[in-house]
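All remarks here apply to the structure that follows.
Chains as they are written, first to last, in UniProt numbering: chain H, 1 to 120; chain G, 1 to 428.
Okay, structure coming up:
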């Protein structure tokens, strides 16, 4: 897994598709998530686009795209049950899968150890 | 009573690290419904016990500050105080726990004021500042009211209790200095105005409150909604009212500063009690349809627009024996007779997206001019969906009217709804 300074995680699947979600640390900081808005499947995204809206009981935040690519799948479960983001942020509660054009965009991202240090 | 504020704060849940460019927070309603700007120093004092660096100009602390930290509270600055916004349980569970059992709230930041009549009756004198029947308030009873201004707007809302030889007031934290100045200007020297600064204030709210408190002081069981009494709890003189600001049964208890921690621990020791922060306090009062000063009511909103006419008794209205005689009476009495042009209403968003404070309301999906605005909004844990309040023209205030709120550039449907969203469960 790779991590961004913006508290996203990215996991590369066998077929080169990248799964994106937010970290447990981010979910904990946000508090109870009550609303998630995901991009459309097929949408082309550019790094830093606002692709996801996430609202907790406390506040609204957006998540910016960590890479360039095309959305190939979104996790409707967290739209129906936003609270699942708090339960399993780094597992079942992924946000979207993206077909990444340039995998080298992941090179500079943190590994788990570096991220843990970053949030400590 | 409600926690007050004047400006919208933009805190929310900033990430602990980095400048949050990408995982950024956009304009949000405040984390705690407090509205006081938290400023760059957001005061998330994570578990700091060190008091040595407290600057004289820094936020004040209530007598329970160390206890909040010990309980793992997230601390934010609110109305000039370092206050717990949430505890490890989290806003959602704190809210639900309060509705199910009992929540303990530190509201010591609020202003406590005693009025003692000298050359003039305090109740009679206070009626010059509030459109409330204070003289008709029975001994050991409490009433909700508000200070009005000459334009008919609201300067603050408050609780007024008749304690026989004096009146006891509880006012909002953010307004307390102005309120005390207003009281001194208006009432002294005929009435003595005493700011009580050596007492903490607790709220215990929720259906288990009576059972919890009766274990410490059986007399509390016999109080009804809006009764007030002086009761000894653990040998300490407490000023108790059966009231609160969550829509639930419960008590507000003024206790001597020196005994505050001891009494708070006694109450928190009960299995049914959890400490509750300002975050859940805000969602509880919103679901209960109660106004937050500085948001749902302010210096521009009249009591009639705000739907608070129930707090203006007949004797102070046109035709009453003591009609008028309070600031802004011309406008307020006229609006009582003829209605106001706009009204505060409940708003039930039609999608899962919360409509927070500041969301503009439109008559339809394409209209260019807004017809109103959301003044409080968020997620209602007991409603299990988004809830809001706001102002709309009187012609659109009927329950069931569909309007559109603009959220992130999209017009989303929202329906005018009856308040409260959750039925009140006071012990009448």
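Beta carbons: idealized from backbone N, C-alpha and C, even for Gly.
Owing to the predicted nature of the structure, the values given are computational and were not obtained by experimental measurement.
Contacts that residue i makes with chain G (C-beta to C-beta distance below 7 Å)
| i | result |
| --- | --- |
| residue 20/H | In chain order: nothing, as chain G lies at least about 12 Å away. |
| residue 32/H | 90, 91, 92 |
Chain-order list of residues whose beta-carbon lies under 7 Å from that of residue i (same chain, five-residue window excluded)
| i | result |
| --- | --- |
| residue 50/G | Confidence at residue 50/G is low in this model, with a pLDDT of 42, below 50, so the placement of that residue is unreliable and no value is reported for it. |
| residue 171/G | 110, 111, 113, 156, 158, 179 |
| residue 337/G | 318 |
| residue 301/G | 153, 154 |
| residue 102/H | 68 |
| residue 135/G | 123, 124, 127 |
| residue 353/G | 386, 407, 412 |
| residue 242/G | 223, 224, 225, 226, 227, 251, 427 |
| residue 92/G | 381 |
Residue i - containing alpha helix (DSSP H), residue span
| i | result |
| --- | --- |
| residue 283/G | 278-287 |
| residue 172/G | Counting along the chain, residue 172/G falls outside any alpha helix (DSSP H), and DSSP gives it neither H nor E. |
| residue 92/G | 91-100 |
| residue 68/G | 65-70 |
| residue 118/H | 112-119 |
| residue 179/G | 176-187 |
| residue 329/G | 329-338 |
Close beta carbons around residue i, own chain, < 6 Å, minus the five adjacent residues each side
| i | result |
| --- | --- |
| residue 105/H | 67 |
| residue 36/H | 54, 78, 79, 82 |
| residue 315/G | 133, 321, 322 |
| residue 238/G | 231, 253, 255 |
| residue 388/G | 347, 355, 374, 377 |
| residue 58/H | 31 |
| residue 202/G | 253 |
| residue 113/H | none |
| residue 68/G | 84 |
Neighbourhood of residue i by C-beta distance below 8 Å, restricted to the same chain and skipping five residues each side
| i | result |
| --- | --- |
| residue 111/H | 1, 2, 3 |
| residue 39/H | 45, 51, 52, 71, 74, 96 |
| residue 207/G | 99, 100, 101, 102, 248, 249, 425 |
| residue 210/G | 220, 221, 249, 427 |
| residue 109/H | 2, 3, 4, 10, 66 |
| residue 190/G | 117, 118, 119, 120, 125 |
Cα-Cα separation, residue i to residue j
| i | j | result |
| --- | --- | --- |
| residue 146/G | residue 356/G | 25 Å |
| residue 411/G | residue 405/G | 5 Å |
| residue 428/G | residue 63/H | 48 Å |
| residue 367/G | residue 360/G | 12 Å |
| residue 100/H | residue 115/H | 22 Å |
| residue 80/G | residue 200/G | 16 Å |
| residue 173/G | residue 183/G | 15 Å |
| residue 181/G | residue 326/G | 17 Å |
| residue 124/G | residue 187/G | 10 Å |
| residue 164/G | residue 140/G | 7 Å |
| residue 391/G | residue 13/H | 50 Å |
| residue 267/G | residue 104/G | 8 Å |
| residue 381/G | residue 193/G | 40 Å |
| residue 130/G | residue 332/G | 12 Å |
| residue 215/G | residue 234/G | 11 Å |
| residue 278/G | residue 42/H | 42 Å |
| residue 386/G | residue 84/G | 23 Å |
| residue 151/G | residue 228/G | 33 Å |
| residue 265/G | residue 245/G | 22 Å |
| residue 417/G | residue 370/G | 19 Å |
| residue 34/H | residue 400/G | 24 Å |
Neighbour list for residue i in chain G, Cβ cutoff strictly below 9 Å
| i | result |
| --- | --- |
| residue 69/H | Going along chain G, no residue has its Cβ under 9 Å from residue 69/H, so there is no contact; the nearest lies around 16 Å. |
Residue i: contacting residues in chain G (beta-carbon distance under 8 Å)
| i | result |
| --- | --- |
| residue 35/H | 352, 353, 354, 379, 386 |
| residue 55/H | 353, 354, 379 |
heavy atom of the ligand NAP below 8 Å from residue i C-beta
| i | result |
| --- | --- |
| residue 191/G | In the structure shown, the ligand NAP is absent, as is every other ligand, since no ligand is present at all. |
Span of the beta strand (DSSP E) around residue i
| i | result |
| --- | --- |
| residue 503/G | Within the shown structure, residues of chain G are numbered from 1 to 428, placing residue 503/G beyond reach of any answer. |
| residue 77/G | 74-78 |
| residue 81/G | 81-86 |
| residue 433/G | This structure cannot speak to residue 433/G, because chain G is shown only from 1 to 428. |
| residue 196/G | 191-196 |
| residue 10/H | 8-12 |
Chain-ordered chain H contacts of residue i [CB-CB under 9 Å]
| i | result |
| --- | --- |
| residue 279/G | 31, 57, 58 |
| residue 283/G | 57 |
Neighbouring residues, chain H, relative to residue i (Cβ below 8 Å)
| i | result |
| --- | --- |
| residue 408/G | 53 |
Neighbour flag for residue i against chain B, beta carbons, 9 Å
| i | result |
| --- | --- |
| residue 243/G | Absent here is chain B; the protein component of the structure consists of chains H and G. |
| request: At 3 residues or longer, and completely inside the UniProt domain "Lipoyl-binding" (17-99) of chain H: list those beta strand (DSSP E) runs for me, N to C. | output: For the UniProt domain "Lipoyl-binding" (17-99) of chain H, the full-length beta strand (DSSP E) segments reaching 3 residues or more read 17-22, 33-37, 50-56, 60-64, 69-74 along the chain.
query = Where are the alpha helix (DSSP H) runs, 4 residues long or more, that stay fully inside the stretch 209-273 of chain G, in chain order?
reply = List check, alpha helix (DSSP H) in window: 209-216, 260-268.
Quick one: which unbroken beta strand (DSSP E) runs of 3-plus residues sit fully inside the UniProt domain "Aminomethyltransferase C-terminal" (342-422) of chain G? Chain order, please. Here the runs fully enclosed are 342-349, 360-362, 372-380, 385-393, 402-407, 410-417.
Please give me, in chain order, every unbroken run of the beta strand (DSSP E) with length at least 3 that falls completely inside the stretch 110-168 of chain G. Within the stretch 110-168 of chain G, the complete beta strand (DSSP E) runs of at least 3 residues are 111-117, 142-148, 154-162.
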